[in-house]
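In the numbering used here, the protein residues as written are 5 to 946.
Structure record follows, encoded as structure tokens.
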């Protein structure tokens, strides 16, 4: 009887330990809700059936009971055991060896039982992976001091798909990638929490500050151990900023608001202004009685203050509230205070109030005292005198305190324009120069400074490396560099080299960044130039057929990084010989039998390869024909050969970089020749009456003087471009006075023509964007032209004059070789009266004098090799005259408008402008009749 009772007792103990929901854990668990471990013995001999009521997950039948194993945790003293083998169960996706490696359990490890922490640490390590919802460790066998271990895991479900509720169809595609959800990834609480936060941020950035998101996990019956996440989104109403209020400020509130670039107020119009207050706001509104008492009607700012609660116009303000931008803007407000001398200024507290009309922001400001610079001295400056450093610093005693200005003048905050003390030293090799402004005294409202200078040794350039030039040969880049081995380090030379590389046009101008590696011990510096190639070649292609005229079309190619010397090397044609920086352009255009044109040009920017001496040559042949035959009603070759106008010409030019006044200057000279042949063809009955057969010859020398300092070609931000040209023919009529009596006095064309063009680029504001390269840029331009004569007995040459107006898209049909001066918003005009602007594409007579002024404000949308896109707003004023007697530089045609530019690698410039001619209004002219849409392709016209 006692024997049967003992058997029953062992049975109950085993049953309790075998069940997955046993109440007394043998092994410490990592979490209180995990399945406890159990001590069992498994055997595959099949001598005994499984115990009744055992866990159905245990498929191996229990065949015997091991008393030592059952009592392993009841021993009075710890005993060391060796792990004989380890198995892992329940793992469907994870490799057993990987899990054991994470757990830190290995066959042969020693464990102390009871009292050892090997198993509890293993559970904690596995649990920290967040891949399992349950972890248990079982001891399955004991032989002597060898134990067998089973690690049982229950894997968390995986994500089979996810859905959004309450989300617009168009928003789902934008929202999905922001959640960070990945199909078939383990679902954890952190995954849910992160995705919910991402959804809230997505809508918060759109102005929905009260968005509510709940997530529901649903078991997916179509896939094992998988779940579906359903996100229910309640956006609520969009919240916009109604008002921004500053408290306790003496600085104009408008100026403070203007510093908040990412936090703007919305427009409103109401008769019942908001009266929201916070516990911080003890101020009273500026009322009509205050307005009259202060004579506010004489002040714009006071009038604005009175009306703002009722009407506020903010046409370009989104008024969305972005918490991150709001924090940045608060720092900008404090920085603005600092720049005005309030170095202790701070925003003490701020509050937000949700109202019916939107969000109201209140910022309580403690301005503190306004400070001024006192005495500023220099310590340890040996290279330059204190007087010179003080002059460069440009800050005098009594100037308003501005820490940012001080650091800029010292060069602590480096600026591209230079002109600081750090630049002075670094341009003379002092790369290791350091400067530390130390406040030596603060008294009343004055701060004294001691500028402590550490000059260090002079450094020289050592290794200059170039990488990333897959197509362009290294010598093409290296010849543009001012950073030469053995020369003293110069910050200006580094900046100039960067500009020269950008102006080659072969590389992504936003990615040209020198990596400067100084070696103070040896007094040297290495410069690693990393470039990124981009395609600069252009293709022009069009074709058509019909109307009896024949084949029409254009084929033009421009290779901007060509290599002439490799033309005959078969291996270099991959697909074209490139890399030497030369430019080759070929263009063929046809309009059937009525028109055809051949053009070819070549430019070598470094003739001889040692100096910047540019050589260029071009040839062209153009033929216009009256190819229509009235007798047959078709376009025929016979008709085209009996009435035509043909122009054949060439030019050869050479330019040289100058050293004086500075090396931004170049001077050049070109020989140009054009031969005009007419056969039964009138090109200008007004200026060339009776001239329909014969030849005219235009041979001239063109002298140019240019100063070019733009930082890059496509979207320049700084620099300028000045160009002065004189084009002159020999004075044939002075050499041979009988020319004026010739039947065709223009057999030898004579004239002299002056042209001047000046362009300035000025950055406005600070760069923004991920690459810190987007900012407004203002372009200012002035252009002038004049063509004169040698002999007063002859009229000014009808050739080479100026056409003013319209888009200046093409000069293909400029029979007299005139210069096209575009003006947006106007058609081509031929009178000097700004009020006379007939809608026409050409003129019967062209100007001998012109003036043009342009103001553009540009902003880039994309600056990358595949496409450069920027928008612009413009104001233009221009006009033309026929003599100085009629010349009036203040009588100009004015226009305003908007435009956009696209620079595409294969097609070059593509531009659209919409201009409004301000002088076209009047006499019932409608807006659409005073405006004009213009298009440009390939180049920006004058």
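Ideal Cβ positions, reconstructed from N, Cα and C, are used throughout, including at glycine.
Small disclaimer: the values here were computed from a predicted structure and weren't measured.
Cα-Cα separation between residue i and residue j, rounded to whole angstroms
| i | j | result |
| --- | --- | --- |
| residue 827 | residue 884 | 11 Å |
| residue 727 | residue 855 | 15 Å |
| residue 121 | residue 100 | 21 Å |
| residue 848 | residue 692 | 11 Å |
| residue 442 | residue 192 | 53 Å |
| residue 216 | residue 210 | 14 Å |
| residue 51 | residue 220 | Reliability fails at residue 51, whose pLDDT of 25 lies under 50, so the model's placement of it is uncertain and no value is given. |
| residue 544 | residue 605 | 15 Å |
| residue 32 | residue 195 | The predicted position of residue 32 is uncertain, since its pLDDT is 36 and thus under 50; a value taken from the coordinates is nonetheless stated next. When rounded, the distance between both Cα atoms is 28 Å. |
| residue 69 | residue 93 | 22 Å |
| residue 146 | residue 223 | 40 Å |
| residue 201 | residue 718 | 41 Å |
| residue 464 | residue 479 | 21 Å |
| residue 746 | residue 687 | 19 Å |
| residue 80 | residue 186 | 52 Å |
| residue 4 | residue 694 | As shown, the chain starts at 5 and ends at 946. That puts residue 4 outside it, with no answer to give. |
| residue 203 | residue 136 | 26 Å |
| residue 168 | residue 242 | 19 Å |
| residue 586 | residue 492 | 31 Å |
| residue 711 | residue 670 | 6 Å |
| residue 161 | residue 198 | 17 Å |
| residue 939 | residue 560 | 19 Å |
| residue 170 | residue 130 | 38 Å |
| residue 731 | residue 705 | 6 Å |
| residue 174 | residue 276 | 37 Å |
| residue 387 | residue 378 | 25 Å |
6 Å CB neighbourhood of residue i in its chain, flanking five on each side removed
| i | result |
| --- | --- |
| residue 599 | 628 |
| residue 3 | The chain is shown from 5 up to 946; residue 3 falls before or after that span and cannot be answered. |
| residue 513 | 506, 716 |
| residue 344 | none |
For residue i, three-class secondary structure by DSSP
| i | result |
| --- | --- |
| residue 30 | Confidence is the limiting factor: at residue 30 the pLDDT is only 37, short of 50, which leaves the residue's position unreliable, though a coordinate-based value still follows. Three-state result, residue 30: coil. |
| residue 260 | helix |
| residue 645 | helix |
| residue 56 | Bear in mind that a pLDDT of 33 at residue 56, under 50, signals an unreliable position, so the model cannot answer this. |
| residue 394 | helix |
| residue 156 | strand |
| residue 857 | strand |
| residue 227 | coil |
| residue 470 | strand |
| residue 733 | coil |
| residue 779 | strand |
| residue 708 | strand |
| residue 174 | helix |
From the options, residue whose alpha carbon lies closest to that of residue i
| i | options | result |
| --- | --- | --- |
| residue 584 | 475, 536, 538 | 475 |
| residue 525 | 456, 613, 560, 435 | 435 |
| residue 346 | 329, 404, 294 | 404 |
| residue 323 | 378, 264, 349, 313 | 264 |
| residue 256 | 331, 369, 928 | 369 |
| residue 314 | 247, 377, 104, 293 | 247 |
| residue 359 | 699, 213, 329 | 213 |
| residue 767 | 484, 782, 850 | 782 |
| residue 665 | 652, 709, 682, 689 | 709 |
Contact set for residue i: own chain, Cβ-Cβ below 8 Å, skip 5 residues either direction
| i | result |
| --- | --- |
| residue 701 | 677, 678, 679, 680, 751, 752, 753 |
| residue 540 | 509, 510, 564, 565, 909 |
| residue 338 | 349, 350, 351 |
| residue 611 | 617, 618, 619, 658 |
Contacting residues, own chain, Cβ-Cβ under 7 Å from residue i (five flanking each side not counted)
| i | result |
| --- | --- |
| residue 778 | 771, 772, 864 |
| residue 934 | 920, 921, 924, 925 |
| residue 444 | 452, 453, 454 |
Whole-angstrom C-beta distance between residue j and residue i, which should lie under 8 Å
| i | j | result |
| --- | --- | --- |
| residue 839 | residue 822 | Actually they are not in contact, since the Cβ atoms of residue 839 and residue 822 sit about 24 Å apart, beyond 8 Å. |
| residue 439 | residue 414 | 5 Å |
| residue 487 | residue 531 | 5 Å |
| residue 641 | residue 573 | 41 Å between Cβ atoms; not a contact. |
| residue 737 | residue 794 | 6 Å |
| residue 470 | residue 482 | 7 Å |
Any non-hydrogen atom of the ligand ADP within 6 Å of residue i CB
| i | result |
| --- | --- |
| residue 737 | The ligand content of the structure shown is nil, which means the ligand ADP is not present either. |
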